[in-house]
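Number of protein chains: 2
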Amino acid sequence: MAPARQRSTRQGGAVKDALTSAGGFCSAQDVYAALRSQGDAVGLSTVYRHLQSLVDAGQVDVIHTPEGETTYRLCGEAGQGHHHHLVCRECGRTAEIEGRAVEKWAATVAAEHGYTDVDHTLELFGRCAECSAAR
Amino acid sequence: MAPARQRSTRQGGAVKDALTSAGGFCSAQDVYAALRSQGDAVGLSTVYRHLQSLVDAGQVDVIHTPEGETTYRLCGEAGQGHHHHLVCRECGRTAEIEGRAVEKWAATVAAEHGYTDVDHTLELFGRCAECSAAR
DNA sequence: GCGCTAACTGGTAATCATTACCGGTAGGCT
DNA sequence: AGCCTACCGGTAATGATTACCAGTTAGCGC
Numbered sequence: 006m007a008p009a010r011q012r013s014t015r016q017g018g019a020v021k022d023a024l025t026s027a028g029g030f031c032s033a034q035d036v037y038a039a040l041r042s043q044g045d046a047v048g049l050s051t052v053y054r055h056l057q058s059l060v061d062a063g064q065v066d067v068i069h070t071p072e073g074e075t076t077y078r079l080c081g082e083a084g085q086g087h088h089h090h091l092v093c094r095e096c097g098r099t100a101e102i103e104g105r106a107v108e109k110w111a112a113t114v115a116a117e118h119g120y121t122d123v124d125h126t127l128e129l130f131g132r133c134a135e136c137s138a139a140r
Numbered sequence: 006m007a008p009a010r011q012r013s014t015r016q017g018g019a020v021k022d023a024l025t026s027a028g029g030f031c032s033a034q035d036v037y038a039a040l041r042s043q044g045d046a047v048g049l050s051t052v053y054r055h056l057q058s059l060v061d062a063g064q065v066d067v068i069h070t071p072e073g074e075t076t077y078r079l080c081g082e083a084g085q086g087h088h089h090h091l092v093c094r095e096c097g098r099t100a101e102i103e104g105r106a107v108e109k110w111a112a113t114v115a116a117e118h119g120y121t122d123v124d125h126t127l128e129l130f131g132r133c134a135e136c137s138a139a140r
């Protein structure tokens, strides 16, 4: 019979742990560097691989910063529930926010223009209370 | 005395024309290919250069597709007026939309979380009326 | 029209993040 | 213990964007 569909490996956990302790969004390269510097080395390919499968599994969210960098963040237990993020552009702290009003608005606007199958991206970037105070 | 701060060159116009006739969003590579195929060749470096300066001048908008590609589009006469886009993911047709309600919502949410200096990205992707009908 | 100078051009090399390959490793089952 | 297969991870490849830099040219004064 075929072995388990999904093996549990040291590296798999390491990547997830890194995301957990990171707290906010971080790039694949960040995860790689973090693991490496804490002696828990994992191959770069492997990091990308796990990140990708976590995304597919809906366990992490992905956003592209305005600079075009792809960042990942461990999110919502089961990946259900569409939501957006309010990210501090200095410390990376992230707040999850819901925007039912926006979803509705988006759907309405799209319909007005005759568009179907609408999807959207929405991210807020700012400076969190602490970073604001620190100036 | 120093010559004009900004020269007008064949290539500069070519890039702008390409964006104009493209109508929707297109990547730098697309512009390059388009110009090249219509015999109006312009160096790739030059395309990027002009695209960048047009962005700086506020004459074109930039958005990153979910796939991470950077696309450009000639927009708003003088670059004034913050707005968003409703892009057809099949034909690229783009509608400019305003979302005062969203702007306001974003500001409110951010304030609630103590964030300042808030900025945001918002793009809608869908299938336009025509492409919808074509299925 | 002529010449000058600085801005512009464009081919090539360099960067950077991400993906593809592929021989080697090691879970998990029997 | 032994096998089968998914998983690892170093390296090469890719693709978009930027940096360099020598050659070209627009625009100004004469």
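Protein chains in written order, with the working numbering: chain P, 6 to 140; chain V, 6 to 140. Yeah, the Cβ is synthetic: ideal placement off N, Cα and C, and Gly gets one too.
According to DSSP, is residue i part of a helix, a strand, or is it coil?
i	result
Ser13 of chain V	coil
Thr196 of chain P	As displayed, chain P neither begins before 6 nor continues past 140, which places residue 196 of chain P out of reach and without an answer.
Arg140 of chain V	coil
Gly84 of chain V	The pLDDT assigned to Gly84 of chain V is 48, lower than 50, so where the model puts this residue is not dependable; a value taken from the coordinates is nonetheless given after this. Correct three-state label for Gly84 of chain V: coil.
Val65 of chain P	strand
Ala27 of chain P	helix
Asp45 of chain P	coil
In chain order, what residues of the same chain have a beta carbon less than 8 Å from the beta carbon of residue i, not counting five sequence neighbours either side?
i	result
Val65 of chain P	Leu24, Leu56, Leu59, Tyr77, Arg78, Leu79, Cys80
Ala7 of chain P	Low per-residue confidence applies at Ala7 of chain P: pLDDT is 46, beneath 50, and the placement is therefore not dependable, though the value from the model is reported in the following sentence. Nothing listed; no residue qualifies.
Val114 of chain P	none
Arg94 of chain V	Phe130, Gly131, Arg132
Pro71 of chain P	Phe130
If I measure Cβ to Cβ from residue i and keep anything under 6 Å in the same chain, skipping five residues before and after, which residues do I get?
i	result
Ser32 of chain V	Glu74, Thr76
His88 of chain V	Glu101, Glu103
Thr51 of chain V	Gln16
Tyr37 of chain V	Leu49, Val52
So what does residue i bridge to, in DSSP terms?
i	result
Arg132 of chain V	P:Thr121
Ala100 of chain P	P:Leu91
Arg78 of chain P	P:Asp66
Thr126 of chain P	V:Glu128
Ser32 of chain P	P:Thr76
Skipping 5 residues on each side, what residues in its chain have a beta carbon closer than 7 Å to that of residue i?
i	result
Gly17 of chain P	His55
Ala112 of chain P	Val123
Ala46 of chain P	Leu40
Ile68 of chain P	Phe30, Thr76, His90, Glu128
Cys136 of chain V	Cys93, Glu95, Cys96
Val20 of chain P	Val36, Val47, Val52, His55, Leu56
With a 10 Å radius around its C-beta and 16 neighbouring C-beta atoms as the bar for buried, classify residue i as buried or exposed.
i	result
Ala139 of chain V	exposed
Ala106 of chain P	exposed
Glu128 of chain V	buried
Arg12 of chain P	exposed
Gly63 of chain V	exposed
Gly28 of chain P	exposed
Gly131 of chain V	buried
Ala116 of chain V	exposed
| query | Quick one: any contact between the region 39 to 50 of chain V and the region 94 to 103 of chain V, if contact means 3 or more CB pairs under 8 Å? | reply | no
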